[in-house]
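Everything on this sheet refers to the single structure shown next.
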Amino acid sequence: MIRVNLLPVKELQAAVGRRRELTIGAIVLGGFASVLLVLFLVQYYRLSSLASELASLRSEIQALSVRLKEVDDLQNKIKEYTNKHNIFSDLNKKKSGPVGVMESLSAATPPRLWLTEFKETGGRLTINGTAADNQTVAEFLRALAETAYFREVELVETAQVGQESGPFKKFSIRSVVSYLPAPKPPTTSGGVKESTKEGKQS
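Numbering-wise, the sequence shown is residues 18 to 219 according to this note's numbering.
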């Protein structure tokens, strides 16, 4: 009988199988490493892009901060100029205020009405005088109330007094005077307070 030794064949087959497994393993590991490398490169590119965008945003923020500071400085200058302008405007108004009050008072005084006293204390004004009749006094009240300098015009008292040329009406008026008048619409007769107190004929 002839005997054949099969051990070398089996060892050869085993070696071939191991080589195949190693080859497959190497291919799998290589593919996995390639995937990891691709993912790493993608993430690196993204991080680089984000870093570039962040640097650009920081540069824009810095530029905007400079512009914002310039805007704040400009606003402060405008505010300072406005305050100075308001101060000069108030000074001019206060300077011209008394002149305007006297001009308005003169313009509001009708014929046949004479002022005997003009007294102002703390913005409260008292005007005394005489007039030909009640209608002239009422006309004076309305004219005062329509000016920009006199407010809360109120007739306190009227009294008839005798004169050589005939009877006259003595009157007393209270008002608030403002040397920095604000524009206001004309006041109707309802804006004038008239007291019912009237003295007897002397």
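The beta carbon of each residue, even a glycine, is placed where N, CA and C say it ideally should be.
Take every Cβ of the region 134 to 150, pair it with every Cβ of the region 175 to 194, and state whether three or more of those distances are shorter than 8 Å. yes
Compare the Cα-Cα distances from T138 to each of L64, K96, Y196 and L91 and report the closest residue. Y196
Could you pull the DSSP bridge partners for N145 from this structure? BP columns for N145 point to E134 and S189.
Pull the bridge partners of A72 from the DSSP assignment, please. Looking at the DSSP assignment, A72 forms no beta bridge with any residue, so it has no partner.
Report the three-state DSSP secondary structure of A31 (helix, strand or coil). Per DSSP, reduced to three states, the secondary structure at A31 is helical.
Of the choices Q30, Y62, F157 and E120, whose alpha-carbon is the least far from that of T126? F157
Could you give the distance in angstroms between the alpha-carbon of V83 and the alpha-carbon of K96? 20 Å
Can you give the Cα-Cα distance for Q79 and L71, rounded to whole angstroms? 12 Å
Same chain only: Cβ atoms within 8 Å of S73, ignoring 5 sequence neighbours per side: Short of 8 Å from the beta carbon of S73, and not among the five residues preceding or following it, lies no beta carbon of its own chain.
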